[in-house]
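Following: one structure in structure tokens, then a few remarks.
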Amino acid sequence: MFELYKKRQLGDNLGDTFTFFKDFGKNFFKIFFIVNGAFLVLFGIMIYTLIEVNFEAIKNSGFENQQLKSDLLEHFNNNEALTVLLIFISVLLFLILSLFNYAYPVLYLKMLGTGKKDFELNDVLSNFFKVLFKLIKFSFGFLFIVFPVLLIALIIMFLLCFIIIGIPLLIIALPTCFTFLNLWFYSYLTEEKRFFESLKHAIYLVKKDFWNTIGTTFIMMIIMQFVQTAITMFFYFVGLFISLAYFIGNSDSNSTKALEPSPLLIGFITIIVIVLIILGNIFNNVIIINQGMVYYSLESENKLESESIDLIGDHTNE
26 MFELYKKRQL
36 GDNLGDTFTF
46 FKDFGKNFFK
56 IFFIVNGAFL
66 VLFGIMIYTL
76 IEVNFEAIKN
86 SGFENQQLKS
96 DLLEHFNNNE
106 ALTVLLIFIS
116 VLLFLILSLF
126 NYAYPVLYLK
136 MLGTGKKDFE
146 LNDVLSNFFK
156 VLFKLIKFSF
166 GFLFIVFPVL
176 LIALIIMFLL
186 CFIIIGIPLL
196 IIALPTCFTF
206 LNLWFYSYLT
216 EEKRFFESLK
226 HAIYLVKKDF
236 WNTIGTTFIM
246 MIIMQFVQTA
256 ITMFFYFVGL
266 FISLAYFIGN
276 SDSNSTKALE
286 PSPLLIGFIT
296 IIVIVLIILG
306 NIFNNVIIIN
316 QGMVYYSLES
326 ENKLESESID
336 LIGDHTNE
């Protein structure tokens, strides 16, 4: 039986992350792909249309630099409303998708903590819309209050890299900042705490078992970064070779035809972009679930103490 609230060491934090996906991965990713499916279809349509529009502009311009620049400017002037609308919708869809995917693992573990095992799509969406306003407040609070402070601190540490002491500080600071943000997010969505209450609580949690917590984050980030980079580079080189093969195959024809907006090529580029977005969200989910293992491990003592007090109260009433 998967135990959410329990004290974990570094190896347990990593091991329980993969145990979670072994026990609940099917249900977890079923809901993930259902919710993401509609957004990704719309996002794919936007990407395909943008690429097609740009290919058309380049095709009609030829290879001459001045002509290309002039025709591109004229093209965007003539299609300014369409281009801006497509970019706006693409960005909006991407932001909504990112917001849901970042909150989804936190909400899933929160529901799991209630004792229920399998969840339906309605359960997840209901919880998501309940905390949507909190998510918006968290995003603005992070962007305008916490992010500038963290940015200044990281810039100082990057400058300190010119002397030897800055390098180890930066290696420690990056996973510390990442862990702090995730524990803050967990605390804000999981508990009935206000914005600054959860921020203060996150600082307390980070300091509670610092080296175990930061070590877990650092190792998981390295693993996920290595896997994600390997997959991304694979798709990058596949896309590069297919694009080169396409243009070389059309090199015997005139320059205009060589840049003909082939539906197959545009479709392939669109698919690669969508696949990379999906993989990025999956890896992000794995990392956030891992941070959840850290969070519930750090909160286990408080949970057990609370349950003990409740039991004492029950016996007293008897």
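Its first residue numbered 26, the sequence shown is counted upward by one per residue in the numbering used here. Cβ atoms here follow ideal geometry from the backbone N, Cα and C, with glycine treated the same way.
Sequence-distant partners of Gln316 (beyond 5 residues in either direction) whose C-beta falls short of 6 Å from its own C-beta, in its chain, are Asn207.
Secondary structure at Phe144: coil, using DSSP grouped into helix, strand and coil.
Straight across, the Cα-Cα distance linking Leu301 with Tyr127 is about 16 Å. Of the other Cβ atoms in all chains shown, 16 or more fall within 10 Å of the Cβ of Tyr320; this residue is therefore buried.
Counting the other Cβ atoms within 10 Å of the Cβ of Ile112 gives fewer than 16, which makes it exposed. Phe68 is positioned such that its CB atom lies closer than 8 Å to that of Ser115. With fewer than 16 other Cβ atoms from the protein chains shown falling within 10 Å of its own Cβ, Lys141 counts as exposed. Setting aside the 5 residues that flank it on each side, Ile299 is surrounded in the same chain by Leu65, Phe68, Gly69 and Ile72, each with a C-beta closer than 8 Å to its C-beta; the list follows chain order. One thing to note: Leu29 has its Cβ within 8 Å of the Cβ of Gly138. Between Asn52 and Phe167, the C-beta spacing is not below 8 Å.
Residues Trp209 of the same chain have their beta carbon placed closer than 6 Å to that of Leu224, with the five preceding and five following residues left out of the count. In this structure, Ser212 keeps its C-beta atom at 8 Å or more from the C-beta atom of Lys32. Note on Tyr229: under 16 other CB atoms within 10 angstroms of its CB, so exposed under the neighbour-count rule. In this structure, the CA atom of Val149 is about 23 Å from the CA atom of Glu324. Note that the C-beta distance between Asn306 and Pro130 is not below 8 Å. Counting C-beta pairs with one atom in each stretch, the region 237–247 and the region 34–54 have three or more that are closer than 8 Å, which means they touch.
Taking C-alpha positions only, Cys186 is separated from Leu179 by approximately 11 Å. Classified as exposed, Pro173 has fewer than 16 neighbouring CB atoms from the shown chains inside 10 Å of its CB. Taking C-beta atoms as the reference points, Phe27 and Thr44 count as a pair closer than 8 Å.
Counting the other CB atoms within 10 Å of its CB gives Ala227 a total of 16 or more, which places it among the buried residues. Between Phe293 and Ile313, the CB-CB gap reaches or exceeds 8 Å.
Just measuring C-alpha positions, the residue of Lys233, Ile247 and Leu265 sitting nearest Asn327 is Lys233.
Taking the CA atoms as reference points, Met249 sits about 29 Å from Ile188.
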